[in-house]
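> The sequence shown lines up with residues 492 to 844 when you count with the numbering used here.
I have a structure here, written as structure tokens, and I will follow up with some questions on it.
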Amino acid sequence: MSKFFTSRYQALTPYTPGEQPRDMQYIKLNTNESPFAPSKKAIEAAARAAERLQLYPDPTYKALHETLAAYHGVTSDMVLATNGSDEILNFAFMAFCDAESPALFADITYGFYSVFASLNHVPYTEIPLKSDFSLSVDDYIGRKGTVFIANPNAPTGLALPLSEIERLLAADRERVVVIDEAYVDFGTESAVSLLERYDNLLVTRTFSKSRSMAGARLGYGIGSPALIADLNTIKYSTNPYNVNSMSAAAGLGVMADEAYTVFCCKEIMETRVYAMTGLKKLGFEMTDAKGNFLFVRHPKMGGEAIYLALKQRGILVRHFDRAPIADYNRITVGTRADMQTLIDTLADILKES
Ligand code: PMP
């Protein structure tokens, strides 16, 4: 730390992204990326946009907002595109949390929530999940604060039914509930349908997972026009051109290729079942995975030991070295071949241990 670093941020512990090592060719199952290439339409659109990079993007992202609005059956003043969904989440912490409305989120969830809270000097409470990692909305009802729920949750992979989200929204219409739907396309019901009844709901989405565009950094929020106006105030106070032209164009490209997204999601959901079956045969225990990742442990071998043994053999998974999930690893669902290699490698590791 330099002597110039403001005292405002000296205590900040930044988010640790999943490792992206370059020392060898790994099978990368550690950051929940898609194993599939982006849509050809996305690639072509990005290439065309690159020819006009001398110009700033349209800061209103009219075409993208209209396309996303049509996709979700809402009006375009209910959508805001951002630089990954991380950015809309940060905007939500900036816009909707303060000492009167502290942030509330699960103790085991997306690790960036606590970082965004700290960055923005927002008080927060981490509410414990149950021992089976399920989330009870009753733990949030009657508590003051802005709620952040990843649905499905990461890294546990568990999803909440829509009826529970609605119960949470209806219990207190005077606070914002943010539902982070980064992994919703892999078989969970979206909360977007609740937007017509609840103006205290913000849904966040990403192109990073189901749309194979993690490198493009494209996400968005969907909420009432008033919530989106607040988030626009933050956006225009930080970076009006928050999405670069190539990513905005690629977003439009993939939205015009819905069949490809549907195909990729179906493949991943089928491969998820295949991988779960194979790992169960090896004695692994796991949650009911609803994202593009599994959350697994083995009764005979610790989580870190499995992570290290896999890494040594060229397979990267994500290990969180903290109670009560230190026995677990989060494993991205890759291609079927990736999953077969994973299963075979784990069988060897278990045999040797
Ligand atoms: N929410 C959750 C639950 C995530 O796991 C991630 C990605 N790791 C994000 C949001 C952010 O994704 P992105 O910024 O790539 O849209």
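Note that CB positions come from ideal geometry on N, CA and C, so glycine has one too.
For the ligand PMP, I want to know if Gly712 counts as a neighbour, meaning its beta carbon is within less than 6 Å of at least one of the ligand's heavy atoms.
Every heavy atom of the ligand PMP is 6 Å or more from the Cβ of Gly712, so no.
> Ala641 bridges to which residues according to DSSP?
DSSP lists Asp671 as partners of Ala641.
> Between Ala739, Leu692, Pro593, which lies nearest to Pro463 when the distance is taken from Cα to Cα?
Given a span of 492 to 844 for the chain in the structure shown, any question on residue 463 remains unanswerable.
> Determine the contact status of Asn523 and Thr823, defining contact as a CB-CB distance below 7 Å.
Contact: yes.
> Residue range of the beta strand (DSSP E) that Val734 falls in?
It is not in any beta strand (DSSP E) - Val734 carries neither H nor E in the DSSP assignment.
> Which class does Arg788 belong to by DSSP, given the choice of helix, strand or coil?
Strand at Arg788.
> Tell me which residues share the same chain as Phe624 and place their Cβ nearer than 7 Å to its Cβ, disregarding the 5 neighbours each side in the sequence.
Contacts found: Ile599, Thr647, Leu649, Thr778.
> What do you get for Arg664, buried or exposed, if any count of 16 or more other CB atoms within 10 angstroms of its CB means buried?
It counts as exposed.
> If you compare alpha carbons, which of Thr724, Glu672, Leu659, Ala661 is closest to Asn644?
For the residues Thr724, Glu672, Leu659, Ala661, the minimum Cα distance to Asn644 belongs to Glu672.
> For the candidate residues Asp629, Ile534, Thr507, Tyr517, whose alpha-carbon lies nearest to that of Gly706?
The option with the nearest alpha carbon to Gly706 is Ile534.
> Enumerated in chain order, which unbroken segments of the alpha helix (DSSP H) with a length of 4 residues or greater are wholly contained in the region 646 to 704?
For the region 646 to 704, whole alpha helix (DSSP H) runs of length 4 or above, ordered along the chain, are 653 to 662.
> Assuming Val683 contacts Val694 under a Cβ cut-off of 8 Å, what Cβ separation, rounded to an integer in Å, is found between them?
5 Å between Cβ atoms; contact.
> Apply the 10 Å Cβ neighbour rule to Tyr727 and answer buried if 16 or more other Cβ atoms are within range, or exposed otherwise.
Exposed.
> Short check: CB of Gly602 to CB of Tyr506, under 7 Å?
Cβ distance < 7 Å, so Gly602 and Tyr506 count as in contact.
> Using DSSP with H/G/I as helix, E/B as strand and the rest coil, what is Tyr615?
Tyr615 falls in the strand class under three-state DSSP.
> Along the chain, where does the beta strand (DSSP E) that runs through Phe596 open and close?
Counting along the chain, the beta strand (DSSP E) containing Phe596 begins and ends at 594 to 597.
> Taking the C-alpha atoms as reference points, what is the distance between Thr637 and Ser844?
Distance between the alpha carbons of Thr637 and Ser844 is about 46 Å.
> Out of Ser498, Leu686, Arg809, Leu833, state which residue places its alpha-carbon closest to the alpha-carbon of Pro508.
Comparing Cα-Cα distances from Pro508 to each of Ser498, Leu686, Arg809, Leu833, the minimum goes to Arg809.
> Less than 6 Å between the CB of Gly575 and some heavy atom of the ligand PMP, yes or no?
Indeed, a heavy atom of the ligand PMP lies less than 6 Å from the Cβ.
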